[in-house]
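Asker: To convert, note that position 443 of the sequence shown is 452 in the working numbering; the numbers rise steadily by one, no gaps.
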Amino acid sequence: MNVAIACSPEDVHSVADRDELENVTTVEAGEYPLSAARRFVEWSAEQNVRRSCWDASVAERTVSQLCDICPVVSSRLPTELWERIIDFITDYRLYDMRQLGQVGRGWYARCRFHSHKVLEMGNMEKKQVYRLIKTLDEPPKRCRAIETVLFDFELKPIGHFGSFAVRMVQKLPRVEFLKLWHCKWETGQLHTQVFLHVALTFGSVIKLELYDVMFPSAVVFGRLLRALPRLSTLNCLVVDFKKGCRGVGAVRVPGTLRLDAAELDGSGDVFDFLASIKVHLRHLICYGNDLEKVPELLAVTAESLLSLEVRQLHKANSVNLTPAVNLRVLAIDGVLKDMAMAFWILSRASLPKLVEVTIKSSLTDRPTAVSIQDILNSIDDDFDDSFAQMDHSLSGSQFPALRKVTFLLCYGIQFSHAPNNISEGSWRTLLSSKLPALYASGRFLAEVPTLRVW
10 MNVAIACSPE
20 DVHSVADRDE
30 LENVTTVEAG
40 EYPLSAARRF
50 VEWSAEQNVR
60 RSCWDASVAE
70 RTVSQLCDIC
80 PVVSSRLPTE
90 LWERIIDFIT
100 DYRLYDMRQL
110 GQVGRGWYAR
120 CRFHSHKVLE
130 MGNMEKKQVY
140 RLIKTLDEPP
150 KRCRAIETVL
160 FDFELKPIGH
170 FGSFAVRMVQ
180 KLPRVEFLKL
190 WHCKWETGQL
200 HTQVFLHVAL
210 TFGSVIKLEL
220 YDVMFPSAVV
230 FGRLLRALPR
240 LSTLNCLVVD
250 FKKGCRGVGA
260 VRVPGTLRLD
270 AAELDGSGDV
280 FDFLASIKVH
290 LRHLICYGND
300 LEKVPELLAV
310 TAESLLSLEV
320 RQLHKANSVN
330 LTPAVNLRVL
340 AIDGVLKDMA
350 MAFWILSRAS
360 LPKLVEVTIK
370 SSLTDRPTAV
380 SIQDILNSID
390 DDFDDSFAQM
400 DHSLSGSQFP
410 ALRKVTFLLC
420 YGIQFSHAPN
430 NISEGSWRTL
440 LSSKLPALYA
450 SGRFLAEVPT
460 LRVW
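(1) Report buried or exposed for G451, applying the criterion of at least 16 other Cβ atoms within 10 angstroms of its Cβ.
(2) Pull up the distance between the alpha-carbon of R412 and that of V364, whole angstroms please.
(3) Taking only runs of the beta strand (DSSP E) that begin and end inside the stretch 359-385, which ones reach a length of at least 3 residues, in chain order?
(4) Consult DSSP for M399 and reduce its assignment to one of helix, strand or coil.
(5) What's the C-alpha gap between I384 and E301?
(6) Compute the Euclidean distance between the alpha carbons of E169 and K135, then round it to the nearest angstrom.
(7) Is it buried or exposed, N132, if we count other Cβ atoms within 10 angstroms and call 16 or more buried?
(8) Does H125 come out as helix, strand or coil in the three-state DSSP assignment?
(9) Where does H206 land, buried or exposed, given buried means 16+ other C-beta within 10 angstroms?
(10) Whole angstroms are fine: how far does the CA of L418 sit from the CA of K369?
(11) Shortest alpha-carbon distance to H191 belongs to which of L233, E305, A340, K165?
(12) Would you list the one or two residues that DSSP bridges to Y117?
(13) For a quick check, are the C-beta atoms of H292 and S316 less than 7 Å apart?
(14) Can you find the residues in the same chain that come closer than 6 Å, C-beta to C-beta, to V203, ignoring five residues on each side of it along the sequence?
(15) What does the Cβ neighbour count give for P332, buried or exposed, with the cut at 16 atoms within 10 Å?
(16) Please give the ranges of any beta strand (DSSP E) in the stretch 185-271, keeping only runs that are unbroken, at least 3 residues long and fully inside the region.
(17) Please state whether DSSP places M100 in a helix, a strand or coil.
(18) Could you check what DSSP says for A154 in three-state terms: helix, strand or coil?
(19) Is it right to say T157 is buried, meaning 16 or more other beta carbons lie within 10 angstroms of its own, or is it exposed?
(20) Between which residues of its own chain and L90 is the CB-CB distance below 6 Å, once the five residues before and five after are set aside?
(21) Counting only the same chain and skipping the five closest in sequence on each side, list residues whose C-beta sits under 6 Å from that of V248.
(22) Please check the pair R357 and N329, which I expect to be a contact at CB under 8 Å, by giving their CB distance rounded to whole angstroms.
(23) Going by beta-carbon coordinates alone, are F282 and A227 separated by less than 7 Å?
(24) Please report how far the alpha carbon of F297 lies from the alpha carbon of Y117, in whole angstroms.
(25) Could you name the residues of the same chain whose beta carbon sits closer than 7 Å to that of C295, not counting the 5 residues immediately before and after it, in chain order?
(26) Within this structure, are the beta carbons of A284 and L314 separated by less than 7 Å?
(27) For the candidate residues L266, C245, E147, whose alpha-carbon lies nearest to that of D299?
(28) Given A449, which residues of its chain have a CB within under 8 Å of its CB, disregarding the five upstream and five downstream residues?
(29) Consult DSSP for G131 and reduce its assignment to one of helix, strand or coil.
(30) Just how far apart, CA to CA, sit T367 and G343?
(31) Going by the CB atoms, is the gap between I341 and L360 shorter than 7 Å?
(32) Between the Cα of M130 and the Cα atoms of R121, F122, R140, which residue gives the shortest distance?
(33) Looking at the unbroken beta strand (DSSP E) that takes in S316, where does it start and where does it end?
(34) Do you know offhand how far A271's Cα is from D100's?
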């Protein structure tokens, strides 16, 4: 069903503002072919969403009804809620802000606000980069508004990165987030002083995101980190070093590299690098296919690591978490059948300061009490009474500081209104019957979020 958002001409942004947002056109009532809100619903059904994006009860009620009420929703819902939806869409890059701004004047203003905070450069020729730099120079306040800079090289030479850094020295005082995507960094592509200019241009950056990046060596990767003195968060997805971690001893990082958080996926060389330089790290997110790299990193971050989240557990082999002696929070994500692996990992660990455990189990099929019961029974049948063993571990003295164990059952929004879905009460009953001692201890929680949570 195609849904249109009804907008009166008075709701549309003025013609005088069109130069602030490209390709913006007036939308009369009934002319919008597929509403931004509808697309938001479709996207959010596929994306990994977090309950913290806004109040969960409002979000769940809104998402479930948007398709039905789109013709009148823009005039009925409070502006504050739409602003939060736009903020969420911006955070997760679910929609083009230029198109989203067509919905109405209020939407346009919020989208314009967000579009000015982000500078994206993708598939640009040298002349286009210079033209962009000149454009940014003309109104100085434009540079001061930028908080995120994204370079999408699309596997082309990265010379533009150096040129931009040279010409924008000390002109981006509020930039906190730097993204480098689809980059094959070759030796000799950038001038010898590039890291000095990076430090002067991006010295305010606290978060670095690398996606599909090949560095020539660990040394170059280390020099990039060294050029960002305020860096506290590192996200790496498919990041490799052409020469592996050879020569990592030549990397000179002033003092100890201190990161508040790191998310590493498909980036084994980065694991090796961080372990080699003995990084100080407080929070780590990793994925099952990299789990074999975790022990070395746990060994060097034992004193500093406070939380660990392991995603895509079905791709993992077991790992011993005992070296993380100061670990307070552990989250393990996978499909429901992976619960046995989560139990196995916990049973091998001795974590005296562990306070909270969250086991998130996702489903791809419609969740019913019968189907869940069958899966839980199969876990016990296939893995030698793993529930009984875990019940003893989680309710006993193995984790003396443990206060809460939460079991989340997560499924896609497409199943949220299916008949006979398992309720939170049924989920709690099924699990508590498998873990009676844990339930009696008061540490046990079982929840069924409506939206998929990973």
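Where a beta carbon is used, it is the ideal one built from N, C-alpha and C, also for glycine. It should be emphasised that the depicted structure is a prediction, and the values quoted were computed from it without experimental measurement.
Answerer: If we stick to the structure as given:
(1) So G451 ends up on the exposed side.
(2) So the alpha carbons of these two residues sit roughly 5 Å apart.
(3) The qualifying runs are 365-372.
(4) Here M399 sits in helix by DSSP.
(5) Here the C-alpha atom of I384 lies approximately 27 Å from the C-alpha atom of E301.
(6) Correcting the residue type first, residue 169 is His in the shown sequence and not Glu. C-alpha separation (whole angstroms): 7 Å.
(7) With fewer than 16 other beta carbons inside 10 angstroms of its own, N132 counts as exposed.
(8) In the structure shown, the three-state DSSP call for H125 is coil.
(9) H206 is buried by the Cβ-count criterion.
(10) Rounded to whole angstroms, the separation of the alpha carbons of L418 and K369 is 6 Å.
(11) Out of L233, E305, A340, K165, K165 has the C-alpha closest to the C-alpha of H191.
(12) For Y117, which the question treats as bridged, DSSP gives no partner whatsoever.
(13) Cβ atoms of H292 and S316: closer than 7 Å.
(14) Same-chain partners within the cutoff: G171.
(15) Answer is buried; the Cβ neighbour count reaches 16.
(16) Considered as a whole, the stretch 185-271 harbours 186-193, 216-224, 242-250 as its complete beta strand (DSSP E) runs of no fewer than 3 residues, in chain order.
(17) The sequence shown places Asp at residue 100, not Met. Helix.
(18) Helix at A154.
(19) Here T157 is buried: its Cβ has 16 or more other Cβ atoms, across all protein chains shown, within 10 Å.
(20) Same-chain partners within the cutoff: there are none.
(21) Within the same chain, V248 has close Cβ partners L219, V222, S276, V279.
(22) Contact holds; Cβ gap of about 5 Å.
(23) Judged by their CB atoms, F282 and A227 are nearer to each other than the 7 Å cut-off.
(24) First, the residue type needs correcting, since residue 297 is Gly and not Phe in the sequence shown. For G297 and Y117, the gap between their C-alpha atoms comes out near 41 Å.
(25) The answer, listed in chain order, is L273, V303, V319.
(26) One thing to note: A284 has its Cβ no nearer than 7 Å to the Cβ of L314.
(27) If we check each option's Cα against that of D299, C245 comes out closest.
(28) Within the same chain, A449 has close Cβ partners S404.
(29) Here G131 sits in strand by DSSP.
(30) Going by the C-alpha atoms only, they are around 11 Å apart.
(31) Taking 7 Å as the Cβ cut-off, L360 and I341 do not qualify as a contacting pair.
(32) Of the listed residues, the one whose Cα sits closest to M130 is R140.
(33) Counting along the chain, the unbroken beta strand (DSSP E) around S316 starts and ends at 316-320.
(34) Those two C-alpha atoms are separated by around 18 Å.
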